[in-house]
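One structure is given here, and the rest of the page talks about it.
Below you can see the structure in the form of structure tokens.
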């Protein structure tokens, strides 16, 4: 099912809303919050994008790299890290709506060889388990803990180099030795293996590369720049928590997992499209497929779903070796917030979630609670 032309045009119109003629009354508050975050977290640069009932606003602080005299802007391109997965989840949701697959399909159905090891407790690993983080699969292959340090090279850079040459063929071979540690569908957990596997499945479903699927299904309709091959002149440099500069993270096998790169301007286009929920596949991607026993936390197609004083909230955090960010949607309040920073500092995930909550509180006064979930546990150094 494709976007209806009228609905799609309206969604794009809403996503591209005009700027307010005069600074909003909360402009100074949001600007102060942004600069305070940069100072308190010893950040390098940060870009903030806000969609508020048809209006787009951007705030920036710091620099795209420490050796630059230029300031970060809404066009600065950041690695979005694990936020990449909501793009993959959206593509999977579109495939399901179009009848290409079912959420309950056995993942092995879309692989070239049988994988009898994808079972635990009588339950097979299914597509829905990949997108709601309940596959039970191990966290990492290759096992980066076994990578030997390289003299004079930051550990994160060494790991990035290993992943940049890790092939699809080697991944599929090593999958034969992987078994779910828990019964699939029961408990969320961190598994980069599951996210890499979804990328393989999507390419099988569509019969083309993830880059081509992403461009056709999301980037071109929303007039976004390529997240796979962005303008190199606009790239921010990522930094570890210790302030070590890192090379760009380019891993073909991880494109659907954690390797996309966007500016705040482009990521806000995606966020505002998700916010209006006019596309059937977007609505589907936002429906919870796992809920905690107390009913307080839920997971959809990679989105963490909960309630707030502003109504329904969906969010996803994004971490990579040298970047951190968050994308938060408040459909009832018609607010979307994207935050992108180029330093993976201690507590960056939590502090950015607090900053996002503070911004929404400034826009719609009232206390904003932050949901917690085992599915939101920090991923490994990816």
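Residue numbers (the numbering used here): 421 to 802.
Think of the CB as a built atom: it goes at the ideal place given N, C-alpha and C, for glycine as much as any other residue.
The model shown is predicted, which means the values in this text are computed figures rather than measured ones.
Determine the direct distance from the alpha carbon of residue j to that of residue i, and round the result to whole angstroms.
i: residue 755; j: residue 698; result: 15 Å
i: residue 502; j: residue 460; result: 23 Å
i: residue 466; j: residue 656; result: 10 Å
i: residue 478; j: residue 685; result: 8 Å
i: residue 719; j: residue 762; result: 27 Å
i: residue 575; j: residue 661; result: 12 Å
i: residue 398; j: residue 496; result: Not covered by the structure: residue 398. The range shown for the chain is 421 to 802.
i: residue 457; j: residue 463; result: 8 Å
i: residue 529; j: residue 544; result: 11 Å
i: residue 648; j: residue 588; result: 17 Å
i: residue 538; j: residue 595; result: 9 Å
i: residue 628; j: residue 725; result: 31 Å
i: residue 613; j: residue 767; result: 24 Å
i: residue 600; j: residue 723; result: 22 Å
i: residue 565; j: residue 765; result: 21 Å
i: residue 570; j: residue 659; result: 18 Å
i: residue 738; j: residue 772; result: 10 Å
i: residue 751; j: residue 716; result: 18 Å
Grouping DSSP H, G and I as helix and E and B as strand, with all else coil, what is residue i?
i: residue 778; result: helix
i: residue 539; result: strand
i: residue 480; result: strand
i: residue 603; result: coil
i: residue 438; result: In this predicted model, residue 438 has a pLDDT of only 40, less than 50, meaning its place in the structure is not dependable; the value taken from the coordinates is given anyway. In this structure, residue 438 counts as coil in the three-state DSSP scheme.
i: residue 497; result: strand
i: residue 620; result: helix
i: residue 735; result: strand
i: residue 730; result: coil
i: residue 626; result: helix
i: residue 457; result: helix
i: residue 655; result: strand
i: residue 683; result: strand
i: residue 711; result: strand
Once you ignore the five residues that flank residue i on each side, which residues in its own chain have a CB closer than 8 Å to its CB?
i: residue 782; result: 446, 449, 450, 453
i: residue 633; result: 511, 622, 623, 626
i: residue 639; result: 645, 646, 647
Using C-beta distances below 7 Å, list every residue in its chain close to residue i, excluding the 5 sequence neighbours before and after it, in chain order.
i: residue 516; result: 522, 523, 704
i: residue 494; result: 467, 469, 478, 480, 683, 684, 685
i: residue 491; result: 480, 483
i: residue 727; result: 733
i: residue 769; result: 737, 739, 744, 798
Kindly identify the DSSP beta-bridge partner or partners of residue i.
i: residue 758; result: 469, 747
i: residue 526; result: 546
i: residue 822; result: Residue 822 lies beyond the residue range present for the chain, which begins at 421 and ends at 802; the question has no answer from this structure.
i: residue 725; result: 718, 734
i: residue 665; result: 659
Return the residue from the list the options that minimises the CA-CA distance to residue i.
i: residue 474; options: 691, 676, 485; result: 691
i: residue 554; options: 776, 602, 643, 505; result: 602
i: residue 509; options: 770, 669, 677, 689; result: 677
i: residue 548; options: 708, 732, 717, 742; result: 708
i: residue 598; options: 564, 638, 570, 557; result: 557
i: residue 646; options: 630, 716, 610; result: 630
i: residue 567; options: 573, 561, 667, 579; result: 579
i: residue 760; options: 775, 751, 750, 753; result: 775
Identify, in the order they occur along the chain, each residue of the same chain with its Cβ nearer than 6 Å to the Cβ of residue i, setting aside the five sequence neighbours on each side.
i: residue 747; result: 503, 691, 736, 758
i: residue 701; result: 513, 514, 517
i: residue 379; result: Beyond the ends of the chain as shown, which are 421 and 802, falls residue 379; an answer cannot be given.
i: residue 671; result: 583, 584, 679
Less than 9 Å between CB atoms is the rule here; does residue i satisfy it with respect to chain D?
i: residue 507; result: This model lacks chain D altogether, as it is built from one protein chain only.
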